[in-house]
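Chemist: Quick one: structure below, then a few questions.
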Amino acid sequence: MSHLRIDAHPSENQVDIYINGEAYTAYEGDTVLAALVASGHKSLRHSRKIGEPRGPLCGMGVCYECLVTINKKPHQRACMTEVEDRMEVLTGEA
Amino acid sequence: MKHKEYDVAIVGGGFSGLVAAGILKDHDLDILIVDETNRLGGQYLKTHPIRSNPDTERNSLQEIGFRQIENIEGGRVKIMTRTRVLEINDRRELLLEHDLEQLFVLTPEIILLAAGAREKFVPFKGWTLPGVISTGAVQIMMKGSGVIPAEDMIIGGSGLFLYTVASEVITNGGRVSTIFDENSIIQKLSFTKNLIGQGEKLKEGFGQAARILFSPTRMRHRYRIVEARGENELEEISVAKVDRLGAVIPGSERVQPCECLAVGNGFAANIELGLLAGCSPEYDTDKGGWVIAAAENLETSVPGVFAAGEITGVGGAHKSITEGKLAALSILNKLGKIDDFQYADETRSLRKERKRHLQFGSAFNALTHLSPEKINSISDDTILCRCEDITMGQIKGAIVAGCRTPVAVKRAIRTGMGICQGRICTPVLYEIIGGFTRTPIHELTPLSVRGPVKAVPLEVLAKPISLLKPDFPNG
Chain H
1 MSHLRIDAHP SENQVDIYIN GEAYTAYEGD TVLAALVASG HKSLRHSRKI GEPRGPLCGM
61 GVCYECLVTI NKKPHQRACM TEVEDRMEVL TGEA
Chain F
95 MKHKEYDVAI VGGGFSGLVA AGILKDHDLD ILIVDETNRL GGQYLKTHPI RSNPDTERNS
155 LQEIGFRQIE NIEGGRVKIM TRTRVLEIND RRELLLEHDL EQLFVLTPEI ILLAAGAREK
215 FVPFKGWTLP GVISTGAVQI MMKGSGVIPA EDMIIGGSGL FLYTVASEVI TNGGRVSTIF
275 DENSIIQKLS FTKNLIGQGE KLKEGFGQAA RILFSPTRMR HRYRIVEARG ENELEEISVA
335 KVDRLGAVIP GSERVQPCEC LAVGNGFAAN IELGLLAGCS PEYDTDKGGW VIAAAENLET
395 SVPGVFAAGE ITGVGGAHKS ITEGKLAALS ILNKLGKIDD FQYADETRSL RKERKRHLQF
455 GSAFNALTHL SPEKINSISD DTILCRCEDI TMGQIKGAIV AGCRTPVAVK RAIRTGMGIC
515 QGRICTPVLY EIIGGFTRTP IHELTPLSVR GPVKAVPLEV LAKPISLLKP DFPNG
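Order-wise, the sequence lines are chains H and F.
Mapping of the first sequence onto the numbering used here: position 71 corresponds to residue 71, and the numbering continues sequentially without gaps.
Just add 94 to the spot in the second sequence (first one is 1) and you have the numbering used here.
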C-alpha cells in the first residue's frame with residue numbers, strides 16, 4: 001500500500017514490524033498509527049460497552065481510540081508510539 | 095535538609111514553552127521542560143525526524159521554533175520528553191511519569207502551564223465509524239510520518255483549519271474531493287478583515303486558498319455532515335444544508351460515497367492540568383470556550399503558577415510565541431531577576447501584541463462557535479461520549495430527569511468517565527447542558543479533574559517515586 005506514502009525514499013532506515021503476525025516494512029520515525037494506516041488498517045479495536053468497531057480519531061494522544069497491544073503490552077496509544085525493529089502490534093482489543 | 099529544587103517547571107514543549115525556556119535559561123535558573131510526545135516542538139513543529147530536510151521549506155515561524163530548540167539544548171534546561179504530568183496539587187507539587195517506567199516528584203518555585211489545545215468536534219450519527227478521523231490527525235500523520243490516511247478524502251466541519259489541512263493534503267499529492275463548510279462564504283470573508291496588517295497570516299491564507307482553488311476540490315458552504323454510514327467502516331456520508339444559525343434544513347440531505355472523512359470544529363484549550371493545580375477557569379467564546387484564567391502578566395489564580403499559549407485562549411502560534419515571552423519575563427520579575435521598571439519596559443510591546451492576537455483568536459473562534467441550533471441538530475442516536483458509548487438521547491434524558499449540571503449528568507450516566515477523561519465530549523457536553531437547561535455556560539462548573547490526569551496502567555503507578563533534582567548533563 002505504498003501509495004499512501006508521501007515521500008518514502010529507499011535510503012531511509014526501514015523498520016520491520018509485525019501487524020497481527022504479518023510482516024510490514026515501516027520507516028524509522030513513523031508512529032505505529034501511521035504504519036497501521038499505511039498498511040490499510042482502518043478498524044483498530046472495539047468500543048467498551050456496545051462493541052462497535054473503532055479507528056483512530058485525534059491522532060495526538062487525547063482520544064485513546066487507537067489503543068493496540070504493542071510487544072505484548074495492551075492498551076498502548078498507537079499515535080504516541082514510534083515503530084521499533086521487530087515490534088509486534090496486535091489490533092482488535094475490546 | 096531541603097534539597098535543591100528546579101526554579102521553573104514548564105509543562106509543554108510547544109511554542110510558548112520553548113520560547114519561555116529560551117529566555118529563562120540565561121538568568122542563572124534551573125529549568126525543567128516536560129513534553130508528552132517524543133520530541134519538543136508541539137504540533138506546529140511536528141516533522142518526521144529522518145525525512146525532513148532542515149534546509150528546505152521552513153516558514154519563518156518554524157525557523158523561530160527550531161532555533162529555540164537548538165538554543166535550549168545544552169543549556170541549564172533539563173528536557174524530558176515522553177513524560178506526562180499525572181498530578182499537580184495547589185502546593186505546586188508535580189508527579190511525573192516517564193516512558194511508563196519511572197515516576198518522579200518535584201516542587202518547583204514556579205510552574206508554567208503551556209499544555210496547548212486539542213481539536214473540538216460536533217458529533218453526528220456514525221462519527222465513531224473507522225474512516226472518520228480528525229483534521230488534526232490527518233495533518234499529524236502527514237507531517238510526522240509522511241503518510242496520507244487515504245488517496246481520496248472529504249473534509250467537513252467549521253473553521254479555517256479545514257482549509258489548512260486540505261491545502262496540505264493537496265500539496266502532498268492527495269485528493270480532497272469536497273470541503274463541506276458549515277459557515278457561509280460571507281462569514282468566512284468577514285474573518286479576513288482581521289488579517290489586515292498581519293502580513294504573514296494573510297500570505298499563508300492566500301497560499302492555501304490558491305492551492306485549493308487550483309485543485310479539483312469542490313467547496314460547499316453551509317453544509318453539514320449529518321451522518322456517516324457503513325457496515326464495519328465508513329462507506330458513505332449524508333450531508334445537509336444548514337441555515338444562517340446552523341440548523342439543518344429538512345429535506346436537504348443527500349448521500350454520497352466516502353472512504354475517508356476528516357472532521358474538525360476548531361480547538362479547545364487543554365485546561366485539565368490547570369484545574370488540577372487549583373487554577374480558576376474562565377468561559378469565553380472569544381477564547382474558544384473554557385480556558386485557564388490568567389492576569390495580564392499570565393499568572394493564574396494560584397500564585398506561582400503561570401499559563402501561556404492556547405490554554406489561556408485559542409489563538410494560534412503567534413499568540414503562543416508572544417505569551418511564552420511575556421510569561422518568561424513575568425516569571426523573571428516574580429523571581430526578582432528583573433525589576434518592575436525593566437519588566438514594564440520590556441513587556442509593553444508584548445502586551446500590545448497579545449491584545450492583537452486575542453482579537454484574531456476571537457474572529458477565528460467565532461467561525462467554530464457551537465450555536466444552540468447546531469446542538470439541537472445532533473440526533474438522539476448519536477454517540478456523544480465515545481469511551482462509554484453514551485448517546486445524545488441518554489444525555490437529554492438525564493437532563494429531563496433533573497440533572498442540570500455537568501457533574502450531575504456525569505454521576506447519572508458516566509459521560510466523561512471513560513479513558514479519555516472527558517477530553518473529547520466535555521466541550522460539547524457543556525454546550526448541551528447549558529442549552530437545554532437555559533443556563534449561561536459560564537455559570538456551569540466544569541467537571542473537576544482528579545489525578546492521574548491521563549490513563550496510566552496500575553503497575554506503573556505502583557513503581558517507587560524518586561525526587562527529581564536539577565541535573566544538566568550538558569550545562
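In this text, a Cβ means the ideal position worked out from N, Cα and C, and glycines have one as well.
1) Using C-beta distances below 7 Å, list every residue in its chain close to I518 (chain F), excluding the 5 sequence neighbours before and after it, in chain order.
2) In the DSSP assignment, what residue or residues form a beta bridge with H45 (chain H)?
3) Check whether the Cβ atoms of L188 (chain F) and L200 (chain F) sit closer than 8 Å, and answer yes or no.
4) Which chain F residues are close to M80 (chain H), counting only those with a beta carbon under 9 Å from its beta carbon?
5) If we call anything under 8 Å between Cβ atoms a contact, is I425 (chain F) one with G368 (chain F)?
6) Pick helix, strand or coil for F530 (chain F), following the three-state DSSP scheme.
7) Out of F:G169, F:G136, F:I182, F:L296, state which residue places its alpha-carbon closest to the alpha-carbon of F160 (chain F).
8) Excluding the five sequence neighbours on either side, which residues of its own chain have a C-beta within less than 8 Å of the C-beta of C79 (chain H), listed in chain order?
9) Find the residues of chain H that neighbour Q607 (chain F), judging by a C-beta separation of less than 9 Å, and give them in chain order.
10) Can you give me the Cβ contacts of S228 (chain F) inside the same chain, cut-off strictly under 8 Å, excluding the 5 residues immediately before and after it?
11) Name the two residues that bound the continuous alpha helix (DSSP H) containing M511 (chain F).
12) Report the neighbours of V37 (chain H) on chain F: residues whose CB is nearer than 7 Å to its CB, in chain order.
13) Rounded to whole angstroms, what's the CA-CA distance from I306 (chain F) to A334 (chain F)? Just pull it up for me.
14) Which residues of chain F have a Cβ atom closer than 7 Å to the Cβ of K72 (chain H), listed in chain order?
15) Name the chain F residues whose beta carbon is nearer than 8 Å to that of I50 (chain H)?
16) When you compare the CB positions of R448 (chain F) and T485 (chain F), do they come within less than 8 Å of one another, or not?
17) Would G317 (chain F) be called buried (16 or more neighbouring beta carbons within 10 Å of its own) or exposed?
18) Over the uninterrupted beta strand (DSSP E) stretch that includes F218 (chain F), give me the two end residues.
19) Which two residues bound the contiguous alpha helix (DSSP H) that contains D157 (chain F)?
20) Work out the CA separation of D122 (chain F) and D433 (chain F) for me, nearest whole Å.
21) Three or more C-beta pairs under 8 Å: does that hold for the segment 238–253 of chain F against the segment 552–560 of chain F?
22) Using a C-beta to C-beta distance shorter than 9 Å, which residues of chain H count as neighbours of P551 (chain F)?
23) For Y524 (chain F), which three-state DSSP category applies?
24) Measuring alpha carbon to alpha carbon, tell me which residue in H:D16, H:H3, H:L44, H:R86 is nearest H75 (chain H).
25) Going by DSSP, what residue range makes up the alpha helix (DSSP H) through K414 (chain F)?
Modeler: For this structure:
1) F215, R480
2) According to the sequence shown, residue 45 (chain H) is Arg rather than His. For R45 (chain H), which the question treats as bridged, DSSP gives the partners H:R54, H:E93.
3) yes
4) E130, T131, N132, R176
5) no
6) helix
7) The closest CA to that of F160 (chain F), considering only F:G169, F:G136, F:I182, F:L296, is found on F:G136.
8) When the five nearest sequence neighbours on each side are left out, the beta carbons in the same chain lying within less than 8 Å of the beta carbon of C79 (chain H) are those of T31, V32, L33, P56, C58, G59, M60, G61, C66, in order along the chain.
9) Missing from the structure shown is residue 607 (chain F); chain F here goes from 95 to 569 and no further.
10) Around S228 (chain F), the same chain offers E213, F215, A356, V357, G358 as residues with beta carbons nearer than 8 Å, after the five sequence neighbours per side are excluded.
11) Counting along the chain, M511 (chain F) falls outside any alpha helix (DSSP H), and DSSP gives it neither H nor E.
12) M235, V241, P243
13) 22 Å
14) None at all; the shortest Cβ gap to chain F is about 13 Å.
15) D483
16) R448 (chain F) is not a Cβ neighbour of T485 (chain F), given a cutoff of 8 Å.
17) A quick correction: the sequence has Tyr, not Gly, at residue 317 (chain F). When all chains shown are included, Y317 (chain F) counts as buried.
18) Counting along the chain, F218 (chain F) falls outside any beta strand (DSSP E), and DSSP gives it neither H nor E.
19) Residue identity differs from the one stated: residue 157 (chain F) is Glu in this sequence, not Asp. Annotation for E157 (chain F): the continuous alpha helix (DSSP H) segment containing it runs 154–166.
20) 16 Å
21) no
22) K73, P74, H75
23) For Y524 (chain F), the secondary structure class from DSSP, reduced to helix, strand or coil, is helix.
24) Comparing Cα-Cα distances from H75 (chain H) to each of H:D16, H:H3, H:L44, H:R86, the minimum goes to H:L44.
25) The identity of residue 414 (chain F) in the sequence shown is Ser, whereas the question assumes Lys. Following the DSSP letters along the chain, one finds S414 (chain F) inside the alpha helix (DSSP H) bounded by residues 411–428.
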